[in-house]
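Notes to accompany the following structure.
Protein chains: 2
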Amino acid sequence: MTEEKAEEKNKMASVFLPALGGVAVCGGTHGNELSGVYLVQEMERQRKERGDGVWPIPVTTVLSNPRAVKECRRYIDTDMNRCFSKAVLSTPITDSSPYEVRRAQELNNLLGVKGSDDVMDMICDLHNTTSNMGLTLIHYSASDWVTLHICKYLQTKITKVPVRVLVLDFPINDAYNLESVSKHGFTLEVGPQPQGVVRADIYVIMKEAVDLTIDWIHKFNSGTVFEGGDVEVFKFIKSVDYPRDPETRNLTAAVHPQLQDRDFCLLKRGDPLFLSFSGETVTCEEEEPLHPFFINEGAYYEKGIAFHLAKKWTLTVPSVQVQTTNSA
Amino acid sequence: MTEEKAEEKNKMASVFLPALGGVAVCGGTHGNELSGVYLVQEMERQRKERGDGVWPIPVTTVLSNPRAVKECRRYIDTDMNRCFSKAVLSTPITDSSPYEVRRAQELNNLLGVKGSDDVMDMICDLHNTTSNMGLTLIHYSASDWVTLHICKYLQTKITKVPVRVLVLDFPINDAYNLESVSKHGFTLEVGPQPQGVVRADIYVIMKEAVDLTIDWIHKFNSGTVFEGGDVEVFKFIKSVDYPRDPETRNLTAAVHPQLQDRDFCLLKRGDPLFLSFSGETVTCEEEEPLHPFFINEGAYYEKGIAFHLAKKWTLTVPSVQVQTTNSA
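Chains A and B, in that order, are what the protein sequence lines are. Position 127, counted from 1, in the first sequence is what the numbering used here calls 127; the numbers after and before it change by one each time, with no gaps. Position 175, counted from 1, in the second sequence is what the numbering used here calls 503; the numbers after and before it change by one each time, with no gaps.
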């Protein structure tokens, strides 16, 4: 066999992977991101009405931060979606522990324990953003074929809005998002939607993405071969803050109207970034063209982030199919 | 003189009104409506840099709810923009009084006292809404010629977004909004903008409206005659709540995609109102066609309001000019 043919054969060969036990669908990790809150409540209503058989695979539904949901706030004491690193999950709990640290450890026991063999196969954590990001799937690894195949599937099936994949690509123990507790999975961001508001159009897109994820897992477990190919992903590079008053730290400018709502565009040196409150334009000074995202996300003002920047690259994923007694 | 001619003469005659002492521009009455917060801060920066002469009339700037602004929340204890009725303003203050009741009484002493001769001539209270309401001027009286003339002026001058006038038309003593403290004035609503976010496009529109208000007062005080004519206004009729679960009171539906973002359209019997979280459409059952506004406003979920309904009517305002020694 020539080298070329061997490579071709290698490309075509399926990677055999274990069947997936099911999925945990989590909403309200941030209590004021309402599409996920109402979707989880709707799924729980469906289960009550029609029993577990409503889905073809085991589905766990979780309202992640019930106290924040009740108060319609992002969080009570601290951002829970920064509490799922190994370090925070192993912090001893005391009377003064933030509510979200306690709740994160509870969720880790329910869905994990992170890093152990018993963790959930997949978490799909539902979020909204005030940014015009369409449907964005965020996850931690550039080599998790199951997750990347689901992303690819959603990209093929959802046509109403752009579906993009964002890879953070840092060690899983340092990963601080809820979905990092499970073997596979992703954060599902849908926007634009204001905090404390549910928009039917955004809710419908989120529901379609969750239904398709369940659909993919069912098909995979049933033996469907998912063909490999290229997946275009965005990789986080750096964050950019708003211009601020050096003394008060108050913002002195807003995102420029020419950048607002243009998440994932190609931002080049000289392009407008900010419009100051007195009317001056601040332009981009980056040497390399990059893709901005989470542009003017409401929750990031306090984090000192006006937007993130990403680089686009292409991942090649192999074909995958479920491991059976014969294939194992 | 015939009756017709007398009527004609009456129409043409100017109403002479006292010069206006200035305007109070208030932002952050709701702490997470950021355009007004940043506009007031910018005006204060300009005054610091260039002195009081920066405006041709006396301008007072007020950050109405500084604690809520600091926490980026609508309010701390209670909605302050419901605290300016005579009843709440005269409630005795105790240790357990809500922060906003105390602050409303402070503001009433600063800008009022409501109902007395010493009140500010005009308050312009800056707000944002998550609804697609463009620029909406809200005020209490259908016969306040000064305010209606400023509305008319803004309608003529601002072309980027629709400028609409909403009249609540109930007794001034019961009126609970901050602007009701002054002789004239209005609440200036600009949207759509998420809570906790400032969008440059929305900020620029709000700034233009405030600049034009100052401009109108200056021209009026300088003797300009403002010609009378018709002003189209919307009058509040009733509120409509979301469909809710009878037990939990949770929402069971969101505003329908065909209604979302269509504030001030004409809503007729049979038009879609809501889309339930399981996919069913709820339609309008009103006998009379009406105009919905504040559609899906984030702050109104807790108030049990999915949208308000209004009726459109036309007000005829007379020409106005400033009272001088000669004319008085």
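The C-beta atom is built at its ideal place from N, Cα and C for all residues, glycine as well.
Within chain A, the residues that residue i reaches when beta carbons sit closer than 8 Å
{"i": "residue 579 of chain B", "result": "38, 198"}
{"i": "residue 529 of chain B", "result": "257, 260"}
Residue-level contact to chain A via CB, residue i, 8 Å cutoff
{"i": "residue 647 of chain B", "result": "no"}
{"i": "residue 727 of chain B", "result": "Given a span of 329 to 656 for chain B in the structure shown, any question on residue 727 of chain B remains unanswerable."}
{"i": "residue 370 of chain B", "result": "yes"}
{"i": "residue 470 of chain B", "result": "no"}
{"i": "residue 636 of chain B", "result": "no"}
Short Cβ contact (8 Å threshold) for residue i with residue j
{"i": "residue 290 of chain A", "j": "residue 306 of chain A", "result": "no"}
{"i": "residue 322 of chain A", "j": "residue 220 of chain A", "result": "yes"}
{"i": "residue 353 of chain B", "j": "residue 447 of chain B", "result": "no"}
{"i": "residue 363 of chain B", "j": "residue 531 of chain B", "result": "yes"}
{"i": "residue 320 of chain A", "j": "residue 149 of chain A", "result": "yes"}
{"i": "residue 558 of chain B", "j": "residue 642 of chain B", "result": "yes"}
{"i": "residue 359 of chain B", "j": "residue 393 of chain B", "result": "yes"}
{"i": "residue 546 of chain B", "j": "residue 385 of chain B", "result": "yes"}
{"i": "residue 458 of chain B", "j": "residue 626 of chain B", "result": "yes"}
{"i": "residue 528 of chain B", "j": "residue 246 of chain A", "result": "no"}
{"i": "residue 518 of chain B", "j": "residue 456 of chain B", "result": "yes"}
{"i": "residue 466 of chain B", "j": "residue 435 of chain B", "result": "no"}
{"i": "residue 452 of chain B", "j": "residue 541 of chain B", "result": "yes"}
Inter-residue Cα distance where the pair is residue i and residue j
{"i": "residue 505 of chain B", "j": "residue 367 of chain B", "result": "20 Å"}
{"i": "residue 474 of chain B", "j": "residue 378 of chain B", "result": "29 Å"}
{"i": "residue 608 of chain B", "j": "residue 560 of chain B", "result": "36 Å"}
{"i": "residue 564 of chain B", "j": "residue 343 of chain B", "result": "27 Å"}
{"i": "residue 480 of chain B", "j": "residue 460 of chain B", "result": "21 Å"}
{"i": "residue 496 of chain B", "j": "residue 464 of chain B", "result": "13 Å"}
{"i": "residue 372 of chain B", "j": "residue 622 of chain B", "result": "30 Å"}
{"i": "residue 142 of chain A", "j": "residue 170 of chain A", "result": "10 Å"}
{"i": "residue 270 of chain B", "j": "residue 630 of chain B", "result": "This structure gives no information on residue 270 of chain B, because the portion of chain B shown stretches from 329 to 656."}
{"i": "residue 99 of chain A", "j": "residue 613 of chain B", "result": "45 Å"}
{"i": "residue 404 of chain B", "j": "residue 539 of chain B", "result": "30 Å"}
{"i": "residue 112 of chain A", "j": "residue 23 of chain A", "result": "12 Å"}
{"i": "residue 526 of chain B", "j": "residue 611 of chain B", "result": "34 Å"}
{"i": "residue 577 of chain B", "j": "residue 90 of chain A", "result": "38 Å"}
{"i": "residue 598 of chain B", "j": "residue 73 of chain A", "result": "35 Å"}
{"i": "residue 259 of chain A", "j": "residue 502 of chain B", "result": "44 Å"}
{"i": "residue 283 of chain B", "j": "residue 551 of chain B", "result": "This structure gives no information on residue 283 of chain B, because the portion of chain B shown stretches from 329 to 656."}
{"i": "residue 357 of chain B", "j": "residue 391 of chain B", "result": "7 Å"}
{"i": "residue 46 of chain A", "j": "residue 216 of chain A", "result": "20 Å"}
{"i": "residue 442 of chain B", "j": "residue 429 of chain B", "result": "15 Å"}
{"i": "residue 413 of chain B", "j": "residue 484 of chain B", "result": "32 Å"}
{"i": "residue 462 of chain B", "j": "residue 593 of chain B", "result": "13 Å"}
Residue i: contacting residues in chain B (beta-carbon distance under 7 Å)
{"i": "residue 29 of chain A", "result": "What residue 29 of chain A touches in chain B: nothing, since even the nearest Cβ is about 18 Å away."}
Any non-hydrogen atom of the ligand SAM closer than 7 Å to residue i Cβ
{"i": "residue 531 of chain B", "result": "Of the ligands one can find in the structure shown there are none, so the ligand SAM has no counterpart to examine."}
Chain-ordered neighbours of residue i on chain A, where CB pairs are closer than 7 Å
{"i": "residue 522 of chain B", "result": "130, 194, 195, 298"}
{"i": "residue 603 of chain B", "result": "200"}
Proximity test, Cβ basis, 8 Å: residue i and chain B
{"i": "residue 75 of chain A", "result": "no"}
{"i": "residue 301 of chain A", "result": "yes"}
{"i": "residue 68 of chain A", "result": "no"}
{"i": "residue 254 of chain A", "result": "yes"}
Against chain B: residues of the region 277-288 of chain A by CB proximity under 9 Å: Taking 9 Å as the Cβ-Cβ cut-off against chain B, the residues of the region 277-288 of chain A that qualify are 277, 278, 279.
Under 9 Å (Cβ pairs) to chain B, residues found in the region 208-223 of chain A: Contact annotation: in the region 208-223 of chain A, no residue has its CB less than 9 Å from a CB in chain B.
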